[in-house]
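Protein chains in written order, with this note's numbering: chain Y, 16 to 245; chain W, 1377 to 1492.
The beta carbon of each residue, even a glycine, is placed where N, CA and C say it ideally should be.
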């Protein structure tokens, strides 16, 4: 029986099944905390702990799904091209919004960590929470953070933005689709972009490009801001 | 479909190659994204060829993140020690960031009369 858990089938099947169920639950009740990514991953973590299965064993199958992240990011370039005439039309406000978001993230994380006297190593890991994980992990390692913690934090900030981002923006009367897309992408990278795509293609395109731009911007500016403030 | 997927993988590969050859911090998939955009923009590649597959990939994007999220269980000890403080920092700063970015773009667009 335990042999079943060693097959790639296990990781793939449990992910597909819980995501499918999560999607159905979310579509039925439309509550932000019933976020499909959150439901699925919480259920899988619970299952793995209950049956005493290692993450590595789950990931034998899981990594087949993770593989598709690479081609999906390339696919965002196609969407970017499709929506380019619209993005070009508001290039200035878009770029400014992404840079301001990126700087706000760095300043607010560092300031709050200083106020709460968080150990410096943690601050350095948290500073890159809003950029896409492959960039975040590398920069975190380069500035003396803990890459595995950064990887986790990036995912949680992604799920947070995916789950509550749109509600929070609407609450503050931000209803412009392009602005919502940009905000989701520059705060919650790929996972936020997944939410923006549910909203509309336009929001998705802004979000995808915002993720890309903020990733590059923060990778360059972040280490410098850290040295300045810490 | 197969051709489209092959093209997308070829762009991903080019991105990864550039990343390795020049040892850049910008990851290969983001470089691939910029490359495919450039190819489409310069008419080297036609949108209809890649669109069916790229749309499908984006439709399933949330699914591909789940194994990463499950991987959080690996940083259990760090989270037990500092979990609460990390959560507070993340929650507060995520709200600041998302509102700053959204607010700036919306108000600048309004000023220019581009209210889409």
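Within-8 Å CB hit, residue i to chain Y
i	result
residue 1489(W)	no
residue 1447(W)	yes
residue 1393(W)	no
residue 1387(W)	yes
residue 1472(W)	yes
residue 1466(W)	yes
residue 1378(W)	no
residue 1398(W)	no
residue 1428(W)	no
residue 1423(W)	yes
is_contact[residue i, chain W] using C-beta, thresh 8 Å
i	result
residue 67(Y)	no
residue 51(Y)	yes
residue 232(Y)	no
residue 240(Y)	no
residue 73(Y)	yes
residue 245(Y)	no
residue 236(Y)	no
residue 78(Y)	yes
residue 36(Y)	no
residue 108(Y)	yes
residue 211(Y)	no
residue 222(Y)	no
residue 184(Y)	yes
residue 22(Y)	no
residue 129(Y)	no
Amino acids of chain Y, ordered along the chain, whose beta-carbon sits closer than 9 Å to that of residue i
i	result
residue 1456(W)	Those do not exist, as residue 1456(W) stays about 13 Å from chain Y at its closest Cβ, beyond 9 Å.
residue 1408(W)	85, 86, 88, 89 and 92
residue 1460(W)	Within 9 Å Cβ-Cβ: nothing; residue 1460(W) doesn't reach chain Y, min ~10 Å.
Start and end residues, alpha helix (DSSP H) containing residue i
i	result
residue 1403(W)	Segment: none, residue 1403(W) is in no alpha helix (DSSP H) and carries neither H nor E.
residue 1489(W)	That residue, residue 1489(W), is in no alpha helix (DSSP H); it is neither H nor E in DSSP.
residue 57(Y)	51-65
residue 1396(W)	1378-1397
residue 185(Y)	162-186
residue 1427(W)	1423-1435
residue 29(Y)	23-44
residue 229(Y)	216-244
residue 158(Y)	From DSSP, residue 158(Y) is part of no alpha helix (DSSP H); its letter is neither H nor E.
Contact set between residue i and chain W, taken where Cβ atoms lie within less than 9 Å
i	result
residue 41(Y)	Neighbours of residue 41(Y) on chain W: none; closest Cβ ~10 Å, over 9 Å.
residue 19(Y)	Residues of chain W passing the Cβ test: none, with the nearest at roughly 18 Å.
residue 30(Y)	1439, 1442, 1443 and 1446
residue 215(Y)	Result: empty, since nearest Cβ-Cβ is about 10 Å, beyond 9 Å.
Proximal residues of chain Y, C-beta to C-beta of residue i below 7 Å
i	result
residue 1482(W)	189, 191 and 194
residue 1451(W)	163, 164 and 167
residue 1433(W)	83, 86, 87 and 90
Per-residue contacts from residue i into chain W (C-beta, under 7 Å)
i	result
residue 6(Y)	Any answer about residue 6(Y) is impossible in this case: the structure gives chain Y only from 16 up to 245.
residue 218(Y)	In chain order: nothing, as chain W lies at least about 10 Å away.
residue 70(Y)	1446, 1447, 1449 and 1450
residue 119(Y)	1472, 1473 and 1476
Proximal chain Y residues relative to residue i, where beta-carbon distance stays under 8 Å
i	result
residue 1417(W)	96 and 99
Neighbouring residues, chain W, relative to residue i (Cβ below 8 Å)
i	result
residue 113(Y)	1477
Self-check item: Residues of the segment 89-105 of chain Y whose Cβ lies closer than 9 Å to any Cβ of chain W, in chain order
Solution: 89, 90, 91, 92, 93, 94, 95, 96, 97, 99, 101, 104 and 105
Exercise. Check distances from the C-beta atoms of the segment 145-163 of chain Y to those of chain W and list, in chain order, the residues that come in under 8 Å.
Key: 145, 147, 148, 149, 150, 153, 154, 157, 161 and 163
Quiz item: Which runs of the alpha helix (DSSP H), 4 residues or longer, sit entirely within the segment 75-141 of chain Y?
Solution: 84-97, 99-104, 106-130 and 135-141
Exercise. Within the segment 1435-1471 of chain W, note down every full alpha helix (DSSP H) run reaching 4 residues or more, in order along the chain.
Key: 1437-1446
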